[in-house]
Structures are given as structure tokens and as C-alpha cells.
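Visitor: Each residue of the sequence shown is one higher than the one before, counting from -4 in this note's numbering.
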Amino acid sequence: MNKFQAEKPSAPSEDPAFSKAASAADHTTHQPPAPNLRGDYSHVHDDYTVDQDWEKYTDAEHALWRELYQRQSTILPGKAADDYIANLARMDAANAIPRFDKISEQLFAATGWRLVAVPGLVPDDAFFDHLANRRFPVTVWLRKPEEIDYLVEPDIFHDFFGHVPMLFDPVFADYLAAYGAKGPEAIRQGALKQLARLYWYMVEFGLIKTKEGLRAYGAGMLSSKSETLYCLNDPKPNRIGFALERVMRTDYKIDDFQKTYFVLESYDELFEATLQDFGNLYARLAALPVIPPSGVLASDRVYHFGNEGYAFDGTN
């Protein structure tokens, strides 16, 4: 499930901070990594992890990390979920590229997760195995200064800044491990696309309902200045209540901001949905039409009907 492939950004004013993907899990490729991937795969271990080699990061890279971190963190209040903001602060990683071993100690104490360093995209089976065993793969390299608003593959800023704060939430952490455990069955049944949509919409681009209004918690928008603003404030996209089958039927955009964002009532809602038998679910989904990114069903709980959305009855 190769999340990061070449993208032509089309934000009205700014490129997204990372490239959107062709499927759900950030680091997966459907195949062993291709030789043209950006990461250094010459020293990978059997599980596709590598050593972080933190001492090799340059002063310039640490300075770029600080710039990215400061720029993104200043726009989060009132837009990101409060628990995401609190968990980001507890890691105290604003001043330099973080050491994975140090953050892993905090994370393991909180939810039993650890970070593992990877060179970039890794095969499906390795990615799912890491998640199922509460290991989150984080890319070791950082984008270049000229890529500050746009790059093709996931870097350490997207993976760490976008994903790791949510791993401190006990319920979301349990969900992500349960998601990883679903991977082998999806591979056997040829249902990776359906499972990918659940990760794409709920891990990368998820919204949650709070007393203060909708907030973003997905890594895809929270590591992107443009999409953080777009997902909540722009009139174009639909914002629709979460329903498992609805999400897993819905296609998504890999070359633009999302046309639809799904809204959780709570992280428990997502975790509990993931506990059901996906084998039977895949069989049902195979008989149903794929919902286009802008489509809206009569059964949807609509928080906002986007001005690019349209009613979908399975035929148009």
C-alpha cells in the first residue's frame, strides 16, 4: 500500500507539505521496495528496519526541522484535536530531530508502542507486522529545504510530527494495533484496497467531533500547513460522520486535497468498529459500488455538504 507517490499538488495557494498516496499505509508498497525509492535500503534488517544513526544529522537538518516544527505547530490551536496538541508537547521535540529511542521510552510507558527506524516505504507484510506488534515505522531522512512544502515520499517530519502524537492516546493506539492485525487477512483475500481506505481516511485524514467543534487528528493534514486549514475551513469538501462500510467503499484523491473527510464521535467508535469480522465485510463490499470521493449518500450523517459534492445512488 504505497502511500507516497508522485503527486501534482493543486492547493489554491500552497502545496501540501507531503505527497498524498496511492493507498493506505504510509510505508507499504505492495512489493519489496523498488530500487528508485529515496531511502537507503543497503543496510536494512530482515524486518526492513534500520539504525537511526542520529549523530549523522547535520546542523542544517536540525535547523530545517525547527523551521518545519515551528511553522506547523503555530497553526494547530483551534484546529488540531486537543489530545494531539498535548501529546505533541509532551515529546519536547521542537528543537532538534528527535531520537527514536528516547521517544520510544515515553511511548512504551504510555501505550506499549515503540518507534522503529525505516529507510522509507516498506512491504505490506512488514508494515502490518510492525503495527500489530505495536511498532510504528518512522522514516529516518528529512526533506530538503526546497521541498519544505512538497515532497514525493514520506520523511521523518511527516511520520513523527503527524503520526506519533496520536500513539500516546490509549484508544487510538489500540485501534492502530488492531488495524495492523487485519493486514494478513486482507492480503489473503485481495482486499488491501478496502483496508487501505480505512487507514487513509481515519489515520491520515480523520476529523473528530469535540465540544468546541470539529478538530483534525489525521497525520496527513496535521503535517501539512495547507490541508490543516483546508480540511476544517474550506467550503469545498464534504464532512461526513464515520461509518465503517461507508469509509471502506469510498475512493480517495491522491493528487489533490480530499473531497470528503470523515468525522468520528470518539476514538472508541473507530476502535470498536475495527473489532468486527472483516472477512464477511470484504465479501459485502465486493458486491457494492465504489463511492466516488465527492459522492454523498442519502444515509450519510452530513456535517457539511461540500460545494463540490453530489448525491450518489450507485449509478452516477
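Heads up, the beta-carbon is just placed ideally off N, CA and C, and yes, glycines get one too.
Measure the C-alpha to C-alpha separation of Glu62 and Gly309 and round it to an integer number of angstroms.
Guide: C-alpha separation (whole angstroms): 46 Å.
Visitor: What are the start and end residues of each continuous beta strand (DSSP E) run of 3 or more residues lying completely inside the region 27 to 59, in chain order?
Guide: Taking only runs of at least 3 residues, no beta strand (DSSP E) segment lies wholly in the region 27 to 59.
Visitor: Measuring alpha carbon to alpha carbon, tell me which of Val135, Tyr194, Ala211, Asp246 ends up nearest Ile151.
Guide: Comparing Cα positions, the closest option is Val135.
Visitor: Within the same chain, show all residues whose beta-carbon is closer than 7 Å to that of Val39, passing over the 5 residues directly before and after it, in chain order.
Guide: Excluding residues within five positions, the ones whose Cβ falls inside 7 Å are Val45, Pro114.
Visitor: Taking buried to mean at least 16 other C-beta atoms within 10 Å of its own C-beta, is Leu283 buried or exposed?
Guide: When all chains shown are included, Leu283 counts as exposed.
Visitor: Tell me where the alpha helix (DSSP H) around Arg192 begins and ends.
Guide: Segment 187 to 194, the alpha helix (DSSP H) holding Arg192.
Visitor: Grouping DSSP H, G and I as helix and E and B as strand, with all else coil, what is Phe266?
Guide: Correct three-state label for Phe266: helix.
Visitor: Drop a sphere of 10 angstroms on the beta-carbon of Ile70, count the other beta-carbons inside from all chains shown, and report buried for 16 or more, exposed for fewer.
Guide: Exposed, since its Cβ has fewer than 16 Cβ neighbours within 10 Å.
Visitor: Who are the near neighbours of Glu260 in its chain, counting only those whose CB is closer than 6 Å to its CB and skipping five residues on each side?
Guide: Cβ within range, chain order: Lys204.
Visitor: Tell me which residue opens and which closes the beta strand (DSSP E) that Lys204 is part of.
Guide: Start and end: 202 to 205.
Visitor: Taking just the CA atoms, how far does Met86 sit from Asp77?
Guide: Going by the C-alpha atoms only, they are around 15 Å apart.
Visitor: What residues in its chain sit with their C-beta under 6 Å from that of Tyr298, if we drop five residues either side in the sequence?
Guide: Excluding sequence neighbours, Tyr298 sits near Arg234, Val258.
Visitor: Could you tell me the boundaries of the alpha helix (DSSP H) in which Val113 lies?
Guide: Looking at the DSSP string, Val113 is not in any alpha helix (DSSP H); the run it does join, the beta strand (DSSP E), is 109 to 113.
Visitor: Have a look at Met161 and Leu239 and give me their C-alpha separation to the nearest angstrom.
Guide: Approximately 20 Å between the Cα atoms of the pair.
Visitor: Are at least three pairs of beta-carbons, each pair with one atom in the region 84 to 103 and one in the region 214 to 230, less than 8 Å apart?
Guide: Counting Cβ pairs under 8 Å, fewer than three are found: no touch.
Visitor: For Gln65, tell me which candidate among Asp54, Ser219, Arg109, Tyr262 has the shortest Cα-Cα distance.
Guide: If we check each option's Cα against that of Gln65, Ser219 comes out closest.
Visitor: Within 8 Å, do at least three Cβ pairs link the region 98 to 110 to the region 158 to 176?
Guide: Yes: at least three Cβ pairs fall under 8 Å.
Visitor: For a test of the three-state rule: what should DSSP assign to Tyr256, helix, strand or coil?
Guide: In this structure, Tyr256 counts as strand in the three-state DSSP scheme.
Visitor: Tell whether a beta-carbon distance below 8 Å holds between Glu50 and Leu137.
Guide: No, these two residues do not count as a Cβ contact at 8 Å.
Visitor: Measure the alpha-carbon distance for Ala88 versus Leu32 and round it to whole angstroms.
Guide: Going by the C-alpha atoms only, they are around 27 Å apart.
Visitor: Check the C-beta distance from Asp120 over to Val133 and give it rounded, since I have them as a contact under 8 Å.
Guide: Not a contact, Cβ separation roughly 19 Å.
Visitor: Under 8 Å between the Cβ atoms of Asp246 and Ile286?
Guide: Cβ atoms of Asp246 and Ile286: closer than 8 Å.
Visitor: Taking C-beta to C-beta, are Asp295 and Gly208 nearer than 8 Å?
Guide: It is not a contact, given that the beta carbons lie outside the stated cut-off.
Visitor: Whole angstroms is fine: what's the gap from Val117's alpha carbon to Tyr43's?
Guide: Their backbone Cα atoms lie some 7 Å apart in a straight line.
Visitor: Are Leu280 and Gln189 touching if we call contact CB-CB under 8 Å?
Guide: The answer is yes: Cβ separation under 8 Å.
Visitor: Between which residues of its own chain and Gly157 is the CB-CB distance below 6 Å, once the five residues before and five after are set aside?
Guide: Excluding sequence neighbours, Gly157 sits near Ala214, Leu217, Ser218.
Visitor: Just how far apart, CA to CA, sit Gly73 and Arg210?
Guide: One C-alpha to the other measures close to 7 Å.
Visitor: Name, in chain order, the residues that DSSP records as bridge partners for Tyr305.
Guide: Tyr305 is bridged to Gly290.
Visitor: Just reading off the alpha helix (DSSP H) that Thr223 is part of, what are its end residues?
Guide: Counting along the chain, the alpha helix (DSSP H) containing Thr223 begins and ends at 220 to 228.
Visitor: If you reduce the DSSP assignment to three classes, tell me which class Leu276 lands in.
Guide: The answer is helix: DSSP assigns Leu276 an H, G or I state.
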